[in-house]
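Inspection log for the structure reproduced underneath, given as structure tokens.
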Amino acid sequence: MDEIYTRLDDEHTERQLLAGRLNMLFRDRRAHAYTCLLMEAEARMSREAWTRATDASDLVYGEGISLRTTVLGQISEIRELQAADRRRQTVILKLLRLEYRRSTETSESRTALQGQITAL
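Residues 1 to 120 (the UniProt record's numbering) are what the sequence shown spells out, left to right.
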């Protein structure tokens, strides 16, 4: 008879353990579902951040290419302006030399005329 009660008690204890485990699994299931939601939200936000970062990177790359093109155009324009300035300086130098010669010739002619006037 004691053996029957012992078995009944063991069976009752085993049922209580199983019921406790079942309750724990239900609680864990809710926690697991919440964890899944958090992980999915984090993955979605990570994908969105990656997309934004990629878009920003593409935008910056495009702006860099645009700036490079602008700078190359300006460098070319600067070289053209420098060449034009060198040509202008060459012309000015020639004109100054001609002006000096003319001034010298005029001065010499004036001196010669004054000498002739004095001789008369």
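Note that beta-carbon positions come from the ideal geometry of N, C-alpha and C, so glycine has one too. Computed from a prediction, not measured in an experiment: that's the story for all the values here.
Residue i versus residue j: straight-line alpha-carbon distance, rounded
{"i": "Ala-19", "j": "Thr-13", "result": "10 Å"}
{"i": "Thr-51", "j": "Leu-67", "result": "24 Å"}
{"i": "Glu-42", "j": "Ala-31", "result": "16 Å"}
{"i": "Arg-111", "j": "Arg-86", "result": "Note on residue identity: the sequence assigns Thr, not Arg, to residue 111. Looking at the two C-alpha atoms, the distance is approximately 37 Å."}
{"i": "Thr-69", "j": "Glu-99", "result": "45 Å"}
{"i": "Met-24", "j": "Arg-47", "result": "34 Å"}
{"i": "Gly-73", "j": "Val-91", "result": "27 Å"}
{"i": "Leu-113", "j": "Glu-77", "result": "53 Å"}
{"i": "Lys-94", "j": "Glu-105", "result": "16 Å"}
{"i": "Phe-26", "j": "Leu-38", "result": "19 Å"}
{"i": "Leu-22", "j": "Gln-16", "result": "10 Å"}
{"i": "Leu-59", "j": "Arg-88", "result": "43 Å"}
{"i": "Arg-29", "j": "Glu-40", "result": "16 Å"}
{"i": "Ser-57", "j": "Ile-75", "result": "27 Å"}
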